[in-house]
Structures are given as C-alpha cells and as structure tokens.
Amino acid sequence: MALTLRSSTSFFKTKETKTFKSPDDFSGTTLCFSQIKPSRRLRAKNSNSMQRVSHEKISISDERLHGLTIPHAENNSKVPVYVMLPLDTVDYGGRLKKPKAMNASLMALKSAGVKGVMVDAWWGLVEKDGPLKYNWEGYAELVRMVENNGLKLQVVMSFHQCSGNVGDSCRIPLPPLVLEEISKNPDLVYTDRSGRRNPEYISLGCDSIPVLRWRTPIQAYTDYMRSFRDRFGDYLGRVIVEIQVGMGPCGELRYPSYPESNGTWRFPGIGEFQCYDKYMRASLEAAALTMEKKEWGKSGPRGTPRTFHGTGIKLSGKIAGIHWHYNTRSHAADLTAGYYNTRHRDGYLPIARMLSKHGVVFNFTCMEMRDCDQPHHANCSPEGLVRQVKMVTKTARVKLAGENALERYDGGAYAQILATSRSDSGNGLSAFTYLRMNKRLFEGDNWRHLVEFVKNMSEGGRKVSDSDTRGTNLYIGFIRENNVEKMEAALA
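Under my numbering, the sequence shown has 1268 at position 303, and the numbering climbs by one with no breaks.
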C-alpha cells in the first residue's frame, strides 16, 4: 500500500508586495499589562534520563532505522511558536467571527512572543456556492488583521470535513457539489470491509478520475489552491509564510482507519482497513497484474508543491501520530492507517524522503505526550514514535515541525515539548504550532505557562534559570468585566 503526496504542475508568479491598512476595530476595550511573577519554571527533561530504545545493526537501504543513532551537534536554535485558531474562525456564511475579540486575542499572542497563528481554510466553506465560485472574504479580513498585529500566518488547505474527530467543535461538511456526487456514487469515499462508508474525505482511489462533474479531485484541489494564490498573492512569503496541504482525514496523510463518530472504533483499537470502495479495489487489481500476481487483486488486505513555487512560502504535510500498539511487533494501528511501519521496517522513512524530495516540511503530532501517562494495556509509546520520526527526518534531510495532539495547558506537557524540540536525539524542531486558541488559554495559570513556554522555545529549548526572578508583563487582563465576557463568548 503506497502513500503518495500528489501535486499540480502549475507555477506561481510572485506579485509585488502591497500593504493593506485597516482601522483598528477594537475600540472601546482597554488592555492592561500587569506585572506578575512567572509560575514555576518549565523544565526540559535531560535527554540522558529519557528511556532509550535498543540499538541494532540496521541497513538503511532496507529502511530499518528504528534504533539508529546519528551523530549530531546540540541544537540551540530558536524554535518559533505558532498558535492554532478556532476551527470555526470563519463561519459558514464566510464571515470572520467576532473580529473585535479576535483582534484582542492576536494582540495578546503577539505580546507573549508568539510568532504567528494557524487557520484552516475549509474547502467546504470557500467553494460552497458552486464549482469554481470561491469566497475568501472572511479569510482576507483575518489576513489583514494578522498583518496589522505584526504576526505571521500558517494556512491549512483543509479538503476534509470537520466533524467526528477528537477536538472537532463544529461541523463543516465537504462542498455541496461533492456531497451531491457522493449521494449518487457512494464509492467516492473510503469504505471498510463491512461496507461502512466514511464521508470525511474523498477516496484517493479516484483522485485522477473526473468524478466531480468535469473535474478530477486533484483538479478541484489544484483549482482551489490557485484561487487562494491569486487572492492572496500580495501576502505570500511576507504575512502568509506556510501552506499546509491537507492530504486526508483531519488533514493528515493517512486513511480514516479509526473513525470515532459512528461508534465503530474506540481507543486503543487497531482500526480497520479502508480500501474497499470500487476505485481502491481497481487500483489493487491493477497493481497485482503489474506484479503478475493476479490473485492478490481479488480481495483487500486481511486482519502539491509547484502550485506555490516562487512565492517564498514553505509547504508542509501533516503525518498522524499513531502511538498506540507501538510497542507491539506488528504495529497494527499504524498499518490500518496506511503506515507500513513494523518492528523490522520503518514506515516513516519513505514518507520523509518523499517530502524531502519536494522541499516539504514534515509536520508531526503528539509532541506533548509521555509514555508514562498512557494506559498500560494500549502498548503506547508516543516518545518512541517521536524519536523514530526525529531520526528518519534527520536521515532524509527534511525539516521537522511539531504539534500537540490534544489540548494541554499544564507545565508537564510544555516541558515534554521543550525536550522533544531539541536535537539531542535526531532532528530538532524547525517550528511548533500549539493546539489551540480558546478562552481557557487566556486563563491565569494557563496563560503564564504559555508565555514561559514561548520564551523557553525562543531560547533553543533551554529552561530559564531558577535564579531568574524577574516579573513578566506578558499577562493579559481586561479592565472591564464586560470585555472579558465578550472574549469568552467569542472563543467559546
């Protein structure tokens, strides 16, 4: 089973930059920067105390790198921190939600030293009025606001639906055109062996087939990204510094093997293969014939960089952190998600090499998780998985960026991210994006933890000295109670 990052063949022409100014729409609200002493310091674990994986003599050509140690220099570089915006930052009508509260939040993040923010550009919102009819106005207002606050923006090309996954706080379906075609041809979506359909993302089996009226899915994705390029060309490389191309469910390069919404999967289940739609079956049969193994094709398994060429922005692809059953020989949960990763074969190295070939950043999750916090029966090892990914990205010479998989506000999670951000074991992080901005993030202790985390990341993942007792003026408070209520209502 091969996973491929597909891309269009068009090229960008960089336009001259232009600065847009908009009036400050946060009138009537006062911000107070009060002096407080920071909370207990976040401590990055000494890498020498971390659990080590056993080392074996491994052949790189055979892609068996699980225990490989590669000499490296200590990483003291700064790691910029971004913060994810709410999933429904732009509402279903295409408008920016609660712009005054959003502006106040961006001001606060800027004061904390955050580099920028990340937003999902939902296909189902932007192209909901019909094929090739794009509405970018809510996102345009956000881009101007981000620029006015001196921040940078990461934009996710979200070609999946929002609903049914961990952390999904709203429902954003695929475009009506896609839903209409799915209703007529259910094989357009991933299907398991029992015939259950997953409408979250179009099956890659029909990527190159004109199933969306006159367009293939790849053509539809390309048209969408070209429209984005044309609308925001003046900001690319200057305000918009990274495009993350969605490649599957949750925007991740994987199959929807562990759907929670329909009750067919519960943690830590190994998941189900999702390759039984007619297009995936046809692809399997064709591959079997090519290998002269016709019988292999009779049943399923048992048990875009050039679009943004020349704009000065980075491209990234997100890989899922399937950490449960990692300590088993088969890594079954990896396999059903599409990662051919077992004890004796590294499934992430081919992906890292593919991304490296195209100059795409390898974005990985679960950076905040520790083995000791996981249930014993699930055979989890998020730390082992992160170490493996750090090794293969270093081998493939591809940049590694990170995210936290779950919402965490405690010092322990931040300390774990600090530890994994360094290059003491494989690749260090080139950037980190925190999940997610909401009203809880701005509460007292949570905010102090974030401020100190950002400061430590800017110092190369080194903890601040215990003797540093200086106060910080990076705590945001609102003088008037009604403004607190406005912020909470906007971020609820």
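Note that CB positions come from ideal geometry on N, CA and C, so glycine has one too.
In the structure shown, what three-state DSSP assignment does residue i receive?
i: residue 1123; result: strand
i: residue 1358; result: helix
i: residue 1097; result: coil
i: residue 1403; result: coil
i: residue 1175; result: coil
i: residue 1250; result: helix
i: residue 1212; result: coil
i: residue 1091; result: helix
i: residue 1103; result: helix
i: residue 1054; result: coil
i: residue 1085; result: strand
i: residue 1273; result: helix
i: residue 1217; result: strand
i: residue 1396; result: strand
i: residue 1327; result: strand
i: residue 1383; result: helix
i: residue 1207; result: strand
i: residue 1137; result: strand
i: residue 1117; result: strand
Going by C-alpha to C-alpha distance, which of the options sits closest to residue i?
i: residue 1155; options: 1283, 1195, 1168 and 1146; result: 1168
i: residue 1294; options: 1388, 1380 and 1308; result: 1308
i: residue 1303; options: 1239, 1363 and 1275; result: 1239
i: residue 1135; options: 1126, 1141 and 1142; result: 1126
i: residue 1139; options: 1299, 1222, 1090 and 1411; result: 1090
i: residue 1216; options: 1101, 1402 and 1052; result: 1052
i: residue 1404; options: 1115, 1185 and 1412; result: 1412
i: residue 1104; options: 1080, 1096, 1130 and 1064; result: 1064
i: residue 1275; options: 1350, 1300, 1109 and 1206; result: 1206
i: residue 1062; options: 1107, 1087 and 1101; result: 1107
i: residue 1242; options: 1162, 1296 and 1220; result: 1162
i: residue 1352; options: 1291, 1338 and 1297; result: 1291
i: residue 1211; options: 1078, 1222, 1196 and 1183; result: 1183
i: residue 1112; options: 1188, 1081 and 1085; result: 1081
i: residue 1316; options: 1285, 1289, 1046 and 1147; result: 1285
i: residue 1417; options: 1396, 1374 and 1088; result: 1374
i: residue 1203; options: 1118, 1382, 1397 and 1313; result: 1118
i: residue 1142; options: 1088, 1074 and 1329; result: 1088
i: residue 1365; options: 1249, 1313 and 1066; result: 1313
i: residue 1170; options: 1153, 1179, 1185 and 1157; result: 1153
What's the C-alpha gap between residue i and residue j?
i: residue 1199; j: residue 1092; result: 22 angstroms
i: residue 1149; j: residue 1069; result: 46 angstroms
i: residue 1425; j: residue 1121; result: 26 angstroms
i: residue 1159; j: residue 1165; result: 17 angstroms
i: residue 1254; j: residue 1247; result: 11 angstroms
i: residue 1409; j: residue 1237; result: 42 angstroms
i: residue 1076; j: residue 1327; result: 28 angstroms
i: residue 1342; j: residue 1287; result: 15 angstroms
i: residue 1003; j: residue 1421; result: For residue 1003, the predicted structure reports a pLDDT of 41, less than 50, and the residue's modelled location is therefore unreliable. The matter cannot be settled from this model.
i: residue 1378; j: residue 1393; result: 17 angstroms
i: residue 1354; j: residue 1218; result: 14 angstroms
i: residue 1181; j: residue 1208; result: 22 angstroms
i: residue 1213; j: residue 1124; result: 8 angstroms
i: residue 1233; j: residue 1280; result: 32 angstroms
i: residue 1095; j: residue 1177; result: 12 angstroms
i: residue 1319; j: residue 1345; result: 27 angstroms
i: residue 1278; j: residue 1054; result: 22 angstroms
i: residue 1336; j: residue 1282; result: 25 angstroms
i: residue 1220; j: residue 1229; result: 15 angstroms
i: residue 1072; j: residue 1079; result: 10 angstroms
i: residue 1406; j: residue 1048; result: 10 angstroms
i: residue 1058; j: residue 1347; result: 39 angstroms
i: residue 1390; j: residue 1400; result: 24 angstroms
i: residue 1024; j: residue 1192; result: In this predicted model, residue 1024 has a pLDDT of only 35, less than 50, meaning its place in the structure is not dependable enough to derive any value.
i: residue 1245; j: residue 1339; result: 35 angstroms
i: residue 1225; j: residue 1131; result: 8 angstroms
i: residue 1194; j: residue 1350; result: 35 angstroms
i: residue 1084; j: residue 1151; result: 30 angstroms
i: residue 1414; j: residue 1045; result: 16 angstroms
i: residue 1334; j: residue 1398; result: 15 angstroms
Which residues bound the beta strand (DSSP E) around residue i?
i: residue 1049; result: 1046-1049
i: residue 1369; result: Counting along the chain, residue 1369 falls outside any beta strand (DSSP E), and DSSP gives it neither H nor E.
i: residue 1164; result: 1162-1167
i: residue 1156; result: 1154-1156
From what residue to what residue does the alpha helix (DSSP H) around residue i run?
i: residue 1419; result: 1409-1423
i: residue 1068; result: 1064-1076
i: residue 1187; result: 1182-1197
Only counting runs of 4 or more residues, tell me where the alpha helix (DSSP H) segments fall wholly within the region 1278-1322, in order along the chain. Listed in chain order, they are 1297-1302 and 1314-1322.
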